[in-house]
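Enquirer:
Number of protein chains: 2
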Amino acid sequence: MNKAREFDQSVVAELRALLGDRVSVSAAVREHHGKDESYFPYAPPDAVVFPHSTGEVRDVAGICRRHRVPMIPFGVGTSLEGHILAVQGGVSIDLSQMDKVVAVHEADLDAVVQAGVTRKQLNEYIKHTGLFFPVDPGADATIGGMAATRASGTNAVRYGTMRENVIALKVVLADGRILQTQQRAKKSAAGYDLTRLFVGSEGTLGIITEITVRLYPVQEAMSAAVCAFDSVDGCTHTVIQTIQAGVPVARCDIVCDKTIAAINKYKKTNYRVAPTLFFEFHGSKASVVEQAETVQAIARDNGGMDFQWATRPEERTQLWDARHNAYFACLQIRPGSRAVSTDVCVPISRLAECVHETMEDVKDYIAPVPLLGHVGDGNFHLMLLVDPARPEETELAKQFNKRLVERAIRMEGTCTGEHGIGLGKQESLRTELGNDVIDVMRGIKRLFDPDNLMNPGKVVPMA
Amino acid sequence: MNKAREFDQSVVAELRALLGDRVSVSAAVREHHGKDESYFPYAPPDAVVFPHSTGEVRDVAGICRRHRVPMIPFGVGTSLEGHILAVQGGVSIDLSQMDKVVAVHEADLDAVVQAGVTRKQLNEYIKHTGLFFPVDPGADATIGGMAATRASGTNAVRYGTMRENVIALKVVLADGRILQTQQRAKKSAAGYDLTRLFVGSEGTLGIITEITVRLYPVQEAMSAAVCAFDSVDGCTHTVIQTIQAGVPVARCDIVCDKTIAAINKYKKTNYRVAPTLFFEFHGSKASVVEQAETVQAIARDNGGMDFQWATRPEERTQLWDARHNAYFACLQIRPGSRAVSTDVCVPISRLAECVHETMEDVKDYIAPVPLLGHVGDGNFHLMLLVDPARPEETELAKQFNKRLVERAIRMEGTCTGEHGIGLGKQESLRTELGNDVIDVMRGIKRLFDPDNLMNPGKVVPMA
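Below is the structure:
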């Protein structure tokens, strides 16, 4: 079903009449919008548009609808499951120029942003307020894209994912209607939760153009620490005991020795090459000390060495910057490779077992397999490096991933903690939740998008 | 549209064949299932059933579907907007005998319960584990009912509402299919968020039979305090500054002087008769002291008197028990009355203004108007007491409520923070979110329940 449909070039003329030179059909621009950070082959759209307002997005959708042309929202292209690939051709709607912070309500701890505002841009913009936006998937993704994929990342263990941190959305529907899903009150019991229905819908139900997000006060003390262990098991057991003890860690990530070595090489750092936990503690000074002491004691019991601290803001930034570069650093383990990134998330009690069995399973893989992830939530990733010129390697990696997904589901986990379904996890979704759930999801898709024009081919198969 | 449909008595025979004596058509049982805590006139169902399993609920739904008979899920009947009234007749599906705690996963901080388990029952059951379930709407509601209305209550300011605390649901659809909406992992990006779609759907999209909820470790220190003020404004400003300072209060409720007087009379307590804030602080010993000192200082600046502390568990229970009895206590201000309960929720920056204008508006109401609510979230209630024998009083109260809802919406708030839409807020929902949102909600309703048999007449009008 993922075959480009015929593209009527008069669409471009209509788009140009609407947006002038903010329409591109150049090969370079189309190619850029036909790839993300996943291992999927490029699938460029027929045209790319750069709207500046919700009204323009509605008008673009109107043109696409009349011509039966797919429309694919695009942020900065950092998705990991092929979400933004134009597998059936059509128009890529690049929202990156909708980059206005519409309002910051300091007193209410919220902000309203256009979809193209990135998380770092928002945090820079609100720096002087003493507030911050916590959701941090690593990449400097747009907040629209993060809402669309229900992103989470390092801070989710304490502050939640986009599910918890989106208050309201403005959405353009396939038929051109514009919905404001909710008012700005912090909680509401006003009807069906359309906000949460669009969060994680990956552009298949509507195009998110504006997002109201929660903000949090910067805490009095915010300290990060790394702790090396003699084994991955030591790490996972430390995490489990930390969460079970109710320590409100703000971040709790694992990186394995291979990942650390790759980071050291890529970022010229000199972390000890060993399985390592990255922590962050937020709170009053006293509470941060208390949290850190508790966790340090747990770590010691599990073979952890002394904490290496990063307390000043620039040191913390450096530390998490190193962590966030793990993906690109690990790609360099095998230059020219792409990564099949796994993304299972299991109940915390099964984390050690799931990681252990998985590392056993991949030990004979064709390349070193870096392990990293947000283990405080039970979410971890492997990077299965493949040579894109050798499809049999991608096949092999997908087989590993399939076994991993089945293992996680057997442990009551999910095939995707944060990357989403996109192109790559549709069969996993069926394995996880069953045919009836898929049918219900298809019904919802059909209700919002009867002509299958909104990012077709993603989340659930429609034809 | 809310007219009882013709009821085919052969339905009862079929239900009896399925459930034996767990089917009732007695007037007393039907009447009990035709009223909640709202001001709406009784609307008894034609029959009441007491299933013991998801399979039995599915079979009951099958009988109702074949006979085109409405099915209305019922927990303990504490809803406040007529949710469980059988306004079109039909079968009340009383889930209170589905009262098994299916599993407690201490290590994962979650539990799986049948829909009829009440929040107090769950907390009693898990007492020995050192964990607790925080969502607390006051009444000892069933967890199924709480999920169905997206309940929240006193703890939501810190721990979130049912929206944040439901991990997964088992749901029986109108067509008899049984969905498990999600696995047990703490987070997931696996397709459309069906869990959140059913949370708050008030029995109109499906019947929730099993719920996986999040649990939290009981904190080292948990202290409650009451603080009297010389004005309601003093209370609201204290709340606003507390939230804006980022103090992680676990509870933060207001009760006005009239409410306190009613509580004192009803519960034989002797709280100072003045506008009062009820607080609770959770954390380590040091952190609770720190939080309390910060809030006490803010309160003093706003005319607050000294905190009265309740530190031992039984004292805390007593204090919140008093708070939770406010509703019944206030009904006694005018014996024989019913209450039109308002439920707006506004951004915290507008709270003082919204409460102030509202108290001005109701000052000439026919009876004293108690004010209470979860002000830490910007959510507050008025109890407009009416004589049920005098419909013109209910009309008058509804006019006040309409103005209040319009005021809250003007301040970017919602018509319902936690009570839901039910029968009473359908026009408010339209005012708040507009015709297009209502149409989309109606489309969702039609998708899940094409014959309009699931709690018909609630949330959105279906014609």
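If you read the protein sequences in the order shown, they are chains W and B.
To convert a position in the first sequence, counted from 1, into this note's numbering, add 74.
To convert a position in the second sequence, counted from 1, into this note's numbering, add 74.
Idealized CB from N, CA, C, for every residue including glycine.
1) Compare the C-beta of M515/W against all C-beta atoms of chain B and say whether one is closer than 8 angstroms.
2) Do P144/B and P530/B have their beta-carbon atoms positioned less than 8 angstroms apart in this structure?
3) What are the residues that DSSP puts in a beta bridge with C301/W?
4) Tell me the rounded alpha-carbon separation between E294/B and F353/B.
5) So what does DSSP say about M75/B, is it helix, strand or coil?
6) By DSSP, does Q500/B sit in helix, in strand, or in coil?
7) From A482/W to R270/W, what distance separates their C-alpha atoms?
8) Using 8 angstroms as the cut-off, can you tell me whether the region 126–138 of chain B makes contact with the region 104–113 of chain B, which would need three or more C-beta pairs spanning the two stretches below that distance?
9) Roughly how many whole angstroms lie between the Cα atoms of R251/B and G508/W?
10) Rounded to whole angstroms, what is the Cα-Cα separation between A319/B and E198/W?
11) Assuming D182/W contacts P421/B (C-beta within less than 8 angstroms), just tell me the rounded distance between them.
12) Given 8 angstroms as the limit, is there contact between the region 433–444 of chain B and the region 455–463 of chain B, that is, 3 or more CB pairs closer than that?
13) So, is the C-beta of G531/B closer than 8 angstroms to a C-beta in chain W?
14) Hey, how far is the Cα of M75/B from the Cα of F474/B?
15) P421/B touches chain W at which residues, Cβ-Cβ below 7 angstroms?
16) In terms of residues, what are the limits of the alpha helix (DSSP H) holding I61/W?
17) Under 9 angstroms between beta-carbons, which chain W residues line up against E492/B? List them in chain order, please.
18) Any contact between the region 257–267 of chain B and the region 219–232 of chain B? By contact I mean 3 or more CB pairs, one from each, below 8 angstroms.
19) In chain order, what residues of the same chain have a beta carbon less than 6 angstroms from the beta carbon of I334/B, not counting five sequence neighbours either side?
20) Mind checking E492/B: buried by the 16 CB within 10 Å criterion, or exposed?
21) Do you know offhand how far S415/B's Cα is from R90/B's?
22) What do you reckon, are the CB atoms on A373/B and L289/B nearer than 8 angstroms?
23) Decide if D438/B is buried, meaning its Cβ has at least 16 other Cβ atoms within 10 Å, or exposed.
24) Runs of 3 residues minimum, wholly inside the region 173–211 of chain B: which ones carry the beta strand (DSSP E) assignment?
25) Going by beta carbon distance, what residues of the same chain come within less than 7 angstroms of R477/W, once the five residues before and after it are set aside?
26) Kindly say whether T385/B, judged by its beta-carbon, lies nearer than 8 angstroms to any beta-carbon of chain W.
27) Assign H455/W to buried or exposed, taking buried as 16 or more other Cβ atoms, counted over all protein chains shown, within 10 Å of its Cβ.
28) So if DSSP puts C326/B in a beta bridge, which residue, or which two residues, is it bridged to?
29) Which word fits A463/B, buried or exposed, when buried means at least 16 other C-beta atoms lie within 10 angstroms of its C-beta?
30) Is the shortest distance between the beta-carbon of T235/B and the beta-carbons of chain W less than 8 angstroms?
31) Identify the contact partners of E506/B in chain W, using a Cβ-Cβ distance below 8 angstroms as the criterion.
32) Quick test of your reading: G136/W and R79/W, contact by CB under 8 angstroms. State the CB separation rounded to the nearest angstrom.
33) Suppose you measure from the CA of T192/W to the CA of T283/W; what does that come to, to the nearest Å?
34) Sort S358/W, A230/W and I167/W by Cα distance to H122/W and report the nearest one.
Expert: Reading from the atomic positions:
1) yes
2) yes
3) L351/W
4) 17 angstroms
5) Any reading at M75/B is ruled out, since the residue's pLDDT is 48, under 50, leaving its predicted position unreliable.
6) helix
7) 24 angstroms
8) Contact between the region 126–138 of chain B and the region 104–113 of chain B is absent, because fewer than three Cβ pairs lie under 8 angstroms.
9) 12 angstroms
10) 21 angstroms
11) 4 angstroms
12) yes
13) Chain W contact via Cβ: absent.
14) Any reading at M75/B must be qualified, since the residue scores a pLDDT of 48, below 50, and its modelled position is unreliable; no value is offered.
15) For P421/B, the chain W residues whose Cβ falls inside 7 angstroms of its Cβ are H179, D182, R258 and A259, in order along the chain.
16) Residue 61/W lies beyond the stretch modelled for chain W, which goes from 75 to 537, so this question has no answer here.
17) Residues of chain W passing the Cβ test: K261, S262 and A263.
18) The way I'd put it, the region 257–267 of chain B doesn't touch the region 219–232 of chain B; fewer than three beta-carbon pairs between them come closer than 8 angstroms.
19) Y345, V347 and T350
20) buried
21) 38 angstroms
22) no
23) Counting of Cβ neighbours within 10 angstroms places D438/B among the exposed residues, the total staying below 16.
24) 175–179 and 184–188
25) D435
26) Output row for T385/B: interface = no.
27) buried
28) F353/B
29) exposed
30) Taking Cβ atoms only, chain W reaches closer than 8 angstroms to T235/B, which makes this a yes.
31) Here the neighbours are Q257 and A264.
32) Their Cβ separation, rounded to whole angstroms, is 18 angstroms, which puts G136/W and R79/W out of contact at 8 angstroms.
33) Computed Cα separation, rounded: 13 angstroms.
34) Reading off the sequence shown, one finds Val at residue 122/W, where the question assumed His. Answer by Cα proximity: I167/W.
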